[in-house]
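A short worksheet on the structure shown next.
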Amino acid sequence: MGFFRKKSVILIIVFLVVLTLSGLVATKKYKVAFLETTFNTVLAPFEQATSFVSFKINNVVYSFSDFISVYRKNQLLREENNELRKQLLNSNEIAAENNRLNKMLDYQNQNQQHELVISRIIGRDPGSWTNIIIINRGTKDGITKNMAVINQSGLIGNVINAYPNCSKVQLITDPRSAVGALVQREESRVAGILEGNSSTPSNPHMVNLANDADIIVGDKIITSGFGGIYPKGLLIGEVTEIINDEIGFLKNAKIAPAVNLNKLEEVFVIKKTREQLPFTDSAESASSLNSRGGNLL
Numbered sequence: 069m070g071f072f073r074k075k076s077v078i079l080i081i082v083f084l085v086v087l088t089l090s091g092l093v094a095t096k097k098y099k100v101a102f103l104e105t106t107f108n109t110v111l112a113p114f115e116q117a118t119s120f121v122s123f124k125i126n127n128v129v130y131s132f133s134d135f136i137s138v139y140r141k142n143q144l145l146r147e148e149n150n151e152l153r154k155q156l157l158n159s160n161e162i163a164a165e166n167n168r169l170n171k172m173l174d175y176q177n178q179n180q181q182h183e184l185v186i187s188r189i190i191g192r193d194p195g196s197w198t199n200i201i202i203i204n205r206g207t208k209d210g211i212t213k214n215m216a217v218i219n220q221s222g223l224i225g226n227v228i229n230a231y232p233n234c235s236k237v238q239l240i241t242d243p244r245s246a247v248g249a250l251v252q253r254e255e256s257r258v259a260g261i262l263e264g265n266s267s268t269p270s271n272p273h274m275v276n277l278a279n280d281a282d283i284i285v286g287d288k289i290i291t292s293g294f295g296g297i298y299p300k301g302l303l304i305g306e307v308t309e310i311i312n313d314e315i316g317f318l319k320n321a322k323i324a325p326a327v328n329l330n331k332l333e334e335v336f337v338i339k340k341t342r343e344q345l346p347f348t349d350s351a352e353s354a355s356s357l358n359s360r361g362g363n364l365l
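Just so you know, this note's numbering puts the end of the sequence shown at 365, numbered straight through with nothing missing.
In structure tokens, the structure reads:
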């Protein structure tokens with residue numbers, strides 16, 4: 069009995085709810101409002117959650133898209149920057165090379181007594197890194213052994229081997245080299261031999277000078293013309309130190325080369341000298357007369 073009583077009450081309540089809803093639906097004024105209220109009430113939380121999630125997803129998508137766009141732009145800018153750097157380096161290198169070559173051209177125009185062949189350094193002898201260089205001129209260019217090698221700053225060395233397309237040049241710092249040298253100062257004119265020194269690889273020595281020889285720190289040293297290789301008057305370097313031997317009868321002069329031999333890129337080879345340089349005293353003039361008809365020293 070209790071069960072049927074409860075069931076009757078539920079049916080009456082349902083009937084009353086349906087009746088009420090029917091009356092409201094029948095009234096157009098409340099129909100739309102009722103439906104909207106019902107839907108808004110029921111769906112509002114879902115719509116809010118959906119909107120929030122959608123907003124976040126859109127933000128992520130846009131952020132990722134912006135990130136990709138910025139990344140691509142950065143890549144393009146980086147590539148453009150690298151290309152500009154390469155162009156700048158090339159331009160700087162070309163400008164530096166033009167500057168060096170212009171200086172060499174000026175020197176060549178001002179020294180018409182020498183027939184000069186410009187050459188590029190293409191290597192160094194691995195067995196003696198600071199003492200032998202390789203140039204890109206050889207016998208095909210008229211280069212032969214014992215030709216002097218210079219640049220606009222001074223003496224560099226001489227050709228010791230010539231091949232068809234390249235040559236080896238021994239620097240004045242090589243311990244095996246020997247160059248006739250002369251103090252340029254008019255009051256002195258002391259002559260001697262310049263040799264490379266293994267104890268001071270960057271500084272050759274003017275050796276075996278008399279203890280009373282008039283040579284001092286700061287003197288300019290030039291080629292004397294003795295020896296059959298180097299024309300007279302080429303600048304070798306400057307005296308930086310006077311070194312007395314242990315006995316005290318002789319002394320050596322340490323020389324700083326006029327040319328930075330570690331930074332060579334282009335050089336001149338003297339193929340021949342068109343005219344003889346003037347001598348400054350009678351002894352040298354006599355030496356000149358005795359050597360006429362042979363190679364210029």
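No residue lacks a Cβ here, since even glycine has one placed at the ideal position from N, Cα and C.
Only a predicted model underlies this, so the values are computations on that prediction, with no experimental measurement involved.
* Asked: Around the Cβ of serine 235, are there at least 16 other Cβ atoms within 10 angstroms (buried) or fewer (exposed)?
  -> buried
* valine 275 and isoleucine 261: beta carbons closer than 8 Å? -> yes
* Asked: When the Cα atoms are used, what is the spatial distance from glutamine 176 to arginine 153?
  -> Within the model, the alpha-carbon separation for glutamine 176 versus arginine 153 is close to 34 Å.
* Asked: Are the beta-carbon atoms of alanine 246 and isoleucine 289 separated by less than 8 Å?
  -> no
* What distance in whole Å lies between the Cβ atoms of arginine 168 and glutamate 333, which are believed to be in contact at a cut-off of 8 Å? -> 7 Å
* Cα-Cα separation, serine 256 to proline 299 -> 20 Å
* Asked: What do you get for serine 187, buried or exposed, if any count of 16 or more other CB atoms within 10 angstroms of its CB means buried?
  -> buried
* Asked: DSSP puts isoleucine 261 in a beta bridge; with which residues?
  -> Gly248, Val275
* Asked: Smallest Cα separation from serine 267: which of Lys322, Lys331, Gln181?
  -> Lys322
* In angstroms, rounded to a whole number, what distance separates the CA positions of alanine 259 and leucine 277? -> 8 Å
* To do: Helix, strand or coil for leucine 173, going by three-state DSSP, please let me know.
  => helix
* Taking only the alpha-carbon atoms, compute the straight-line gap between aspartate 134 and asparagine 158 and give it to the nearest angstrom. => 36 Å
* **Per DSSP, the bridge partner or partners of glycine 191** => Ile202
* To do: Would you kindly report the start and end of the unbroken beta strand (DSSP E) that includes glutamine 238?
  => Annotation for glutamine 238: the continuous beta strand (DSSP E) segment containing it runs 235-239.
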